[in-house]
């Protein structure tokens, strides 16, 4: 057997064993020596995609498409066209994606019913789903699932089943939709699917769970996906999407520094491969920066997410409110909610912000209407949305001076947030519980609740909320930082107080070791200390942590 033949066999074996970097190297070498046939070009294209080589994937995919056309194999060419369509749509190049899908549909128009037609339907269902046509997506996905079952194609049947469940969830049938998603996940967990469809179903399922507030499923499936990806370290595409989902869970759990690091790495890894997930990662960065009080960086992240096609609301509206631009915030959130084709889940993601902004603007009727709609939607969704609805109800009741009603609503919200282990939301709710108790004349309980909230805000780094709690407790700090420290120096000092090394601080803040060292020298001079231990004591003494 020649060297080329040996490399070809080893490349195929490496692909089957999910050693995609090795497979890419071997198959590329063979292709250079003697052009690969269409089936091996498909393997090379997938390896390129999995390892983050988007342009190579497109080039090789086009070659495979052309080879099949020349060989008079319209079904094979249509499958290539379908895969290229998905690649372009994920990159945000919708017109190109639609063009390749149209090619696939044209090639299959005269063919008898076949599995390839089912894959074209699944790709069309995906395009319609992201375009907001949920009914159209459901129809195509149902037909794709039927064809997959008829031809015993596990990949297609599972993908179609997942797409049906996802559309049903968005159309209001959450219980039935989740049952179908669970059924599709059984095939994923059993290892029955090609890696391409494993990633598709995992990521789409986790994103859907977040949207309909099924945090427990999202957490469970993110952990399972992480284990699957962990065994395939050279798959940049998969590790990028996995980082995104890990970041989302970390943010909910209050591990904001780690969540931001994962989200930024995810956006970098997915750049040029998956614009949808890269944008979602940047939006998460914006959310974290907003919550820690870094409003300039938050706006930058929201703008970057918007450039990649992600609606920047409700985060941008809440940012405007934090900047004191409440009227602009209200206009932005009302505009977002007035957009056509927003289904219940998409509206539910915006309504809590509308309540908060409307209350701040003293538009109580608007806030009440938003709460009523949110409660109606929440009755069909997961506990996180029910918690958000109860919290929003409590905000409006406080504004209406109904302290007893507010206290009952906020207690229910806090219990749900506690059960979900979402510390920031739980702390925000406790602060409002404190305000309700204060309105009822129970100052001791009010201070206990507000102080508990303050402690959590300080622990997770929610600086604006911590300061608000301190003002309510009569412990507000001066606007300026002690010792003439800058905001960045204070951030470095907090991490020193947390026991982190210069290298760890550099990684957390995306700085060089040299820059961290310079910050520390400036900090030591400003606060007149000579050791990290003394700096830590200073940070605690001046309530910087």
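Numbering (this note's numbering), first residue to last: -15 to 529. Glycine included, every Cβ here is placed at the ideal spot set by N, Cα and C. Model, not experiment: these values are computed from the prediction.
Between which residues of its own chain and residue i is the CB-CB distance below 6 Å, once the five residues before and five after are set aside?
i	result
residue 465	474
residue 135	99
residue 127	105
residue 152	160 and 161
residue 350	342
residue 282	270, 273, 274 and 303
residue 72	80 and 81
residue 429	421
residue -7	none
residue 380	351, 352 and 355
residue 362	369, 370 and 373
residue 223	213
residue -9	10, 13 and 14
residue 423	387
residue 329	154, 195 and 196
residue 345	310 and 314
Around the Cβ of residue i, are there at least 16 other Cβ atoms within 10 angstroms (buried) or fewer (exposed)?
i	result
residue 498	exposed
residue 198	buried
residue 505	exposed
residue 60	buried
residue 531	An answer regarding residue 531 cannot be provided, because it is not within the stretch -15 to 529 covered by the chain.
residue -5	buried
residue 25	buried
residue 119	exposed
residue 378	buried
residue 75	buried
residue 348	exposed
Excluding the five sequence neighbours on either side, which residues of its own chain have a C-beta within less than 7 Å of the C-beta of residue i, listed in chain order?
i	result
residue 108	85 and 124
residue 234	242, 243 and 246
residue 448	277 and 306
residue 413	375, 394, 397, 398 and 401
residue 1	none
residue 220	35, 36 and 253
residue 20	11, 14 and 28
residue 607	Nothing about residue 607 can be read from this structure; the chain reaches only from -15 to 529.
residue -12	14, 17 and 18
residue 463	Residue confidence is low: residue 463 scores 46 on pLDDT, short of 50, so the model does not pin down where it sits. Its coordinate-derived value is still stated next. Counting only Cβ-Cβ distances below 7 Å, and skipping sequence neighbours, we find nothing.
Taking the alpha helix (DSSP H) that residue i falls in, what are its first and last residues?
i	result
residue 229	220 to 237
residue 531	What the structure shows of the chain is the stretch from -15 to 529, and residue 531 is not part of that stretch, so it cannot be assessed.
residue 146	138 to 154
residue 113	99 to 114
residue 503	497 to 511
residue 71	58 to 74
residue 50	38 to 54
residue 189	179 to 195
residue 85	78 to 92
residue 170	158 to 173
residue 367	367 to 383
residue 299	299 to 306
residue 395	387 to 404
residue 309	Residue 309 -> no alpha helix (DSSP H), and no H or E assigned at all.
residue 119	118 to 134
residue 16	4 to 17
residue 176	Neither: residue 176 is in no alpha helix (DSSP H) and is coded neither H nor E.
residue 516	516 to 525
residue 22	22 to 34
By Cβ distance, which residues of its chain are closer than 8 Å to residue i, with the 5 residues on each side in sequence left out?
i	result
residue 453	415, 434, 435, 437, 438 and 441
residue 431	418 and 457
Notebook entry, point to check: What runs of the alpha helix (DSSP H), each 4 residues or longer, lie entirely inside the stretch 411 to 479?
Noted result: Counting whole runs of 4 or more residues, the stretch 411 to 479 contains the alpha helix (DSSP H) stretches 427 to 444 and 447 to 456.
Check: Counting pairs of Cβ atoms below 8 Å between the stretch 34 to 44 and the stretch 245 to 263, do you hit three or more?
Finding: Yes, the stretch 34 to 44 is in contact with the stretch 245 to 263.
Item checked: Cβ contact check for the stretch 330 to 345 and the stretch 170 to 177: 3 or more pairs under 8 Å -> These segments do not touch.
Notebook entry, point to check: Enumerated in chain order, which unbroken segments of the beta strand (DSSP E) with a length of 3 residues or greater are wholly contained in the stretch 238 to 280?
Noted result: Within the stretch 238 to 280, no complete beta strand (DSSP E) run reaches 3 residues.
Notebook entry, point to check: Going along the chain, which unbroken runs of the alpha helix (DSSP H) with 4 or more residues stay wholly within the stretch 319 to 361?
Noted result: With a minimum length of 4 residues, the continuous alpha helix (DSSP H) runs that stay inside the stretch 319 to 361 are 328 to 332 and 335 to 344.
Next item on the list: Taking 8 Å as the threshold, find out whether the stretch 348 to 359 comes into contact with the stretch 387 to 406 through three or more Cβ pairs.
Entry: With a cut-off of 8 Å, the stretch 387 to 406 and the stretch 348 to 359 do not count as touching, because too few Cβ pairs lie within range.
Margin query: Is it the case that the stretch 80 to 94 contacts the stretch 259 to 276, given that we only count it when at least three CB pairs across the two stretches are under 8 Å?
Written below: Between the stretch 259 to 276 and the stretch 80 to 94, the count of Cβ pairs shorter than 8 Å is below three; the stretches do not touch.
Check: Using 8 Å as the Cβ pair cut-off and three pairs as the minimum, do the stretch 370 to 388 and the stretch 406 to 413 touch?
Finding: Here the stretch 370 to 388 lies against the stretch 406 to 413, with 3 or more beta-carbon pairs under 8 Å apart.
Notebook entry, point to check: Are there three or more Cβ pairs, one per stretch, closer than 8 Å when the stretch 137 to 148 is compared with the stretch 176 to 190?
Noted result: The stretch 137 to 148 and the stretch 176 to 190 touch, with no fewer than 3 CB-CB distances between them shorter than 8 Å.
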